[in-house]
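The opening position of the sequence shown corresponds to residue 85 in this note's numbering, with each subsequent residue numbered one higher.
Reading through the structure tokens given below for one structure.
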Amino acid sequence: IANRLIESMQRLVQQQSQLWQESIGQVHQEWASASARATETSLGTIQRALASTLAEHRDSLRDCLTQLTLLQNEGAQQIDGRFQQWQTTLSEQSRLALRQQQEVSRNAELLQKLLDSTQLVQAMQQPIQSTLERMTQFDRFQEAALSLTEAVMVLSSQLERAGHVNRQAVRRRAARDLQMDETPEQIDPQVGYENDAVVLKLDSQETRKAG
Numbered sequence: 085i086a087n088r089l090i091e092s093m094q095r096l097v098q099q100q101s102q103l104w105q106e107s108i109g110q111v112h113q114e115w116a117s118a119s120a121r122a123t124e125t126s127l128g129t130i131q132r133a134l135a136s137t138l139a140e141h142r143d144s145l146r147d148c149l150t151q152l153t154l155l156q157n158e159g160a161q162q163i164d165g166r167f168q169q170w171q172t173t174l175s176e177q178s179r180l181a182l183r184q185q186q187e188v189s190r191n192a193e194l195l196q197k198l199l200d201s202t203q204l205v206q207a208m209q210q211p212i213q214s215t216l217e218r219m220t221q222f223d224r225f226q227e228a229a230l231s232l233t234e235a236v237m238v239l240s241s242q243l244e245r246a247g248h249v250n251r252q253a254v255r256r257r258a259a260r261d262l263q264m265d266e267t268p269e270q271i272d273p274q275v276g277y278e279n280d281a282v283v284l285k286l287d288s289q290e291t292r293k294a295g
């Protein structure tokens, strides 16, 4: 009886072991299948996420590249525009500098001519001054001659009234009858007529000098 019980117990243990092995194998297979499915699902999810992220980054990089290209083109256009403006400004400044240089040269020539003219005027100043002094002396002589003629006429009138002169032949000339542009040669040195009682002559040293 004991042996039978032991054998029965052994068979039960073996059967139970087989059942456990089968259960464990089935569970292992299910776990492996579940793990594989989970792995595939995770990989798919990760791949989709990575693909989406990469697509977003690619689009973002494409947009950035497009903007960078636009900015580069705009910058190049601005640089070209600024360069053309600088070139135009430099050309205008060069032309202006050339005109200023020409103007300075003309001013230097004019200044040299002015200096030459000033030297010429200074050289002519003394002769002109001498001429003016001689003209002033001539005007003074003319005024003195007129005054002397008037004095002689007055003296002749007084002599006639006093009876010292029988016949008055002196021609009186008023100062207003003499023109200012008369020369010493135009002033009659002898006032009177032939066969007159009184003949006045202005034959002085001053008259000879003026002549």
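Quick reminder that beta carbons are idealized off the backbone N, C-alpha and C, glycines included.
Note that this is a predicted model, so its numbers are computed, not measured.
- A122 has its alpha-carbon roughly 19 Å from the corresponding atom of A135.
- Between the alpha carbons of Q113 and E91 lies a gap of roughly 32 Å.
- Between the alpha carbons of V188 and L180 lies a distance of about 12 Å.
- Here the alpha carbon of L103 sits roughly 15 Å from the alpha carbon of M93.
- Distance from the CA atom of D147 to the CA atom of S117, rounded to whole angstroms, is 44 Å.
- In this structure Q169 is exposed. Its beta-carbon is surrounded by fewer than 16 other beta-carbon atoms within 10 angstroms.
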